[in-house]
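When we follow this note's numbering, the leftmost residue of the sequence shown carries the number 55, and every step to the right adds one. The structure appears below as structure tokens.
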Amino acid sequence: MEFAATTATPGKFSSACLIVGIYEGNKLTPSAAAADEVCGGLIKRVLKGGDLKGKVGQTLMLQQPEGLGCQRLLLVGCGREKGLSDRNYRKISEAAAKASVASNAKDALCTLSELPVPERELDWRVRQSIEAFGQASYRFEQMKSKKSEEKHPLHKVNFPHTGRADGALVKLGILQGRALIAGMALSKDLANLPGNVCTPSYLADQARELGKRYKTIKSTILDEKQMEKLGMGSLLSVSRGSRQPARLIVMEYSGSTAKNKQKPVVLVGKGLTFDAGGISLKPGPGMDEMKYDMCGGASVFGTLKAIAEMELPINVVGVVPSSENLPDGDANKPGDIVTSMSGQTIEILNTDAEGRLILCDALTYVKKYEPDVVIDIATLTGACVIALGSHAAGLLANNDELAARLLEAGQKSGDRAWQLPLWEEYDEQLKSPFADMANIGGKEAGTITAACFLSRYTKEYTWAHLDIAGTAWKSGASKGATGRPVPLLTQYLIDKAKGH
Ligand code: BES
Ligand code: MN
Ligand code: ZN
Numbered sequence: 055m056e057f058a059a060t061t062a063t064p065g066k067f068s069s070a071c072l073i074v075g076i077y078e079g080n081k082l083t084p085s086a087a088a089a090d091e092v093c094g095g096l097i098k099r100v101l102k103g104g105d106l107k108g109k110v111g112q113t114l115m116l117q118q119p120e121g122l123g124c125q126r127l128l129l130v131g132c133g134r135e136k137g138l139s140d141r142n143y144r145k146i147s148e149a150a151a152k153a154s155v156a157s158n159a160k161d162a163l164c165t166l167s168e169l170p171v172p173e174r175e176l177d178w179r180v181r182q183s184i185e186a187f188g189q190a191s192y193r194f195e196q197m198k199s200k201k202s203e204e205k206h207p208l209h210k211v212n213f214p215h216t217g218r219a220d221g222a223l224v225k226l227g228i229l230q231g232r233a234l235i236a237g238m239a240l241s242k243d244l245a246n247l248p249g250n251v252c253t254p255s256y257l258a259d260q261a262r263e264l265g266k267r268y269k270t271i272k273s274t275i276l277d278e279k280q281m282e283k284l285g286m287g288s289l290l291s292v293s294r295g296s297r298q299p300a301r302l303i304v305m306e307y308s309g310s311t312a313k314n315k316q317k318p319v320v321l322v323g324k325g326l327t328f329d330a331g332g333i334s335l336k337p338g339p340g341m342d343e344m345k346y347d348m349c350g351g352a353s354v355f356g357t358l359k360a361i362a363e364m365e366l367p368i369n370v371v372g373v374v375p376s377s378e379n380l381p382d383g384d385a386n387k388p389g390d391i392v393t394s395m396s397g398q399t400i401e402i403l404n405t406d407a408e409g410r411l412i413l414c415d416a417l418t419y420v421k422k423y424e425p426d427v428v429i430d431i432a433t434l435t436g437a438c439v440i441a442l443g444s445h446a447a448g449l450l451a452n453n454d455e456l457a458a459r460l461l462e463a464g465q466k467s468g469d470r471a472w473q474l475p476l477w478e479e480y481d482e483q484l485k486s487p488f489a490d491m492a493n494i495g496g497k498e499a500g501t502i503t504a505a506c507f508l509s510r511y512t513k514e515y516t517w518a519h520l521d522i523a524g525t526a527w528k529s530g531a532s533k534g535a536t537g538r539p540v541p542l543l544t545q546y547l548i549d550k551a552k553g554h
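Here it is as structure tokens:
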């Protein structure tokens, strides 16, 4: 889908679908009022009919509005005029995107970015709208032999602006929004692919593709032999149980033009292309969803694509340790003790707590980049789904400044996180009588003890951990990857590149 800025006014612009907002109490937004004048009061007459009450997210599609240069007029309820919240602005955008994507319109003029949202600039409003169009138009049909016929005709959305200053903001919003939805789509595609297609080697190939496509990205893949040499005994113990060889995928994005080399932000994403639990086998129902156990890794791919598209002036290294976790004669057994790259030994009491086993070696590996900050992203614990549901990612960090920045980026992007404590009391739950630590900390506070485990490998740098077990995909009828937390990470990097 294409997005463009235009100075045409709603009355003059000719398009297949004009999208305007209507507040409660039959109050017209400026663009609705302008359109109403051109079409001889049609909107006011329709509103008197009472089919659209201006409630947030209500929509009404009118056909062939006389006098307007548009074949359709989509009225979108915007709620009360004063104090429109971020969330309601998003709901309005989503409703508009859904209705126009469902129509037969080929292009649209979306005027909703004119709605004032307290503390949010025009570029933010355009970007949020584009995200809604990206969401509404996303399809995953790679694995279907026949493409569905209902593929939406909508392929271009225009955003109006009134002058030079406005135009710059609209263009910035378009640039960032376009890049963001491209990154999210990549992240969703990789995540939605089944485990028999999306293997560690497949992910490695995708990294090579990114390296080919963007001259700012350099990809390097480490195979098992190379990992062995580095002493990654913890990571390799997980992949021993699988016929698919593990990969350590490294993607270096160099966007900074600073002469003295800027220290990178390092993103480390859990890339379990399937997690059956290993010998501590998971129960059968719903196990298919464990193909999504690489969503942390997918978000690293998506974020790198987004910032490469934006040509963001910052250096970022993406690292995705990737493996399967399956039961096998050679798989980890409960009670096994392995030695990580850091030299610390781990007693594996539950082979299903495998994410931390591959992440810890990747977290040790990234020290070589002398990172400014390291953020790992992982579908790490079922406990996080219980604690925060599907609305917020769990955030744990060894640095409050970094945590605050990430929370802020979550608020701004609408892809929120919520902080949990990393106290020593929790860390003590990881004691093992036989090794330096156990890989599980008991029933209580599973999200925190998992993060405590990781924190033992991140002492030498500023680090945060995002547990996305609840937010990365949806189950049930609308099963599918969400593309989260690409918006949060991208926002964080945009702010960081600005020199915060
Ligand atoms: N990938 C899972 C976590 C998970 C479970 C994410 C359900 C999303 C939904 C992870 O590898 C895992 O199995 N964790 C265990 C840890 C436990 C054994 C300490 C869990 O959460 O049950
Ligand atoms: Mn597991
Ligand atoms: Zn897992």
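Here a beta-carbon is modelled for each residue, glycine too, at the ideal position from N, C-alpha and C. Remember, predicted model here, so these are calculated numbers, not experimental data.
Checklist entry - To the nearest angstrom, how far is it from the Cα of Asn493 to the Cα of Ile412? => result 11 Å
Checklist entry - Alpha carbon to alpha carbon, what distance is there between Arg294 and Ser157? => result 51 Å
Item to check | Delimiting residues of the beta strand (DSSP E) encompassing Thr393 | outcome: 390-393
Checklist entry - Is it true that the stretch 279-287 meets the stretch 321-331, where meeting means three or more beta-carbon pairs spaced less than 8 Å apart? => result no
Next on the checklist: At the level of alpha carbons, what is the spacing between Pro339 and Ser529?
Outcome noted: 12 Å
Checklist entry - Just checking my contact of Ala518 with Leu442 at CB under 8 Å: how many whole Å lie between their CB atoms? => result Actually they are not in contact, since the Cβ atoms of Ala518 and Leu442 sit about 16 Å apart, beyond 8 Å.
Checklist entry - Is Glu408 near the ligand MN, judged by its Cβ being under 8 Å from some heavy atom? => result yes
Item to check | Coil, strand or helix - Tyr419 by DSSP | outcome: helix
Item to check | Three-way DSSP call (helix, strand, coil) for Pro539 in this model | outcome: coil
Next on the checklist: Between Val319 and Val370, how many whole angstroms is the CB-CB distance? I'm expecting something under 8 Å.
Outcome noted: 5 Å
Checklist entry - Considering Asn246, what are the terminal residues of the alpha helix (DSSP H) in which it resides? => result 218-246
Item to check | Of the listed residues Ala471, Val292, Ala360, Glu424, nearest to Val439 (C-alpha basis) | outcome: Ala471
Next on the checklist: Could you give the first and the last residue of the continuous beta strand (DSSP E) run that contains Gly188?
Outcome noted: Premise fails: Gly188 lies in the alpha helix (DSSP H), 176-191, not in any beta strand (DSSP E).
Next on the checklist: Measuring straight from C-alpha to C-alpha, what distance separates Ala505 and Arg181?
Outcome noted: 32 Å
Item to check | Closest Cα partner of Thr83 within the set Gly108, Lys513, Asn452 | outcome: Gly108
Item to check | The alpha helix (DSSP H) enclosing Tyr256, as first and last residue numbers | outcome: 254-267
Checklist entry - Around the Cβ of Pro337, are there at least 16 other Cβ atoms within 10 angstroms (buried) or fewer (exposed)? => result exposed
Checklist entry - If you drop the 5 nearest sequence neighbours on each side, which residues of the same chain put their C-beta closer than 6 Å to that of Asp177? => result Leu223, Leu226, Gly227
Checklist entry - Residue ranges of each beta strand (DSSP E) run of no fewer than 3 residues wholly in the stretch 65-133, ordered along the chain? => result 72-77, 113-117, 126-131
Item to check | Boundaries (first-last residue) of the beta strand (DSSP E) holding Asn27 | outcome: A query on residue 27 cannot be resolved here, the shown segment of the chain reaching from 55 to 554 and no further.
Item to check | Neighbourhood of Gly495 by C-beta, 6 Å cutoff - its chain only, sequence neighbours within 5 removed | outcome: Gln483, Leu484, Thr503
Checklist entry - Who are Val473's beta bridge partners in DSSP? => result Going by the sequence as given, residue 473 is Gln instead of Val. In DSSP, Gln473 forms a bridge with Leu449.
Next on the checklist: At the level of alpha carbons, what is the spacing between Lys315 and Ile368?
Outcome noted: 10 Å
Next on the checklist: Let's see if you can read the secondary structure: which residues bound the alpha helix (DSSP H) around Asp140?
Outcome noted: 140-156
Checklist entry - Is the beta carbon of Leu335 within less than 8 Å of some heavy atom of the ligand ZN? => result no
Item to check | Residue interval of the beta strand (DSSP E) (run including Val428) | outcome: 427-432
Item to check | Separation of Asp481 from Met491, as counted between CA atoms | outcome: 10 Å
Checklist entry - Where does Tyr346 sit, in a helix, a strand or coil, going by DSSP? => result helix
Checklist entry - Can at least three beta-carbon pairs, one atom from the stretch 446-460 and one from the stretch 155-175, be found at a separation below 8 Å? => result no
Next on the checklist: So the candidates are Leu289, Thr357, Cys132; which of them puts its Cα closest to the Cα of Ile391?
Outcome noted: Leu289
Item to check | Any non-hydrogen atom of the ligand PLP closer than 8 Å to Leu326 Cβ | outcome: The ligand PLP is absent from the structure shown, which contains only the ligand BES, the ligand MN and the ligand ZN.
Checklist entry - Is the closest heavy atom of the ligand MN to the C-beta of Gly331 under 8 Å? => result yes
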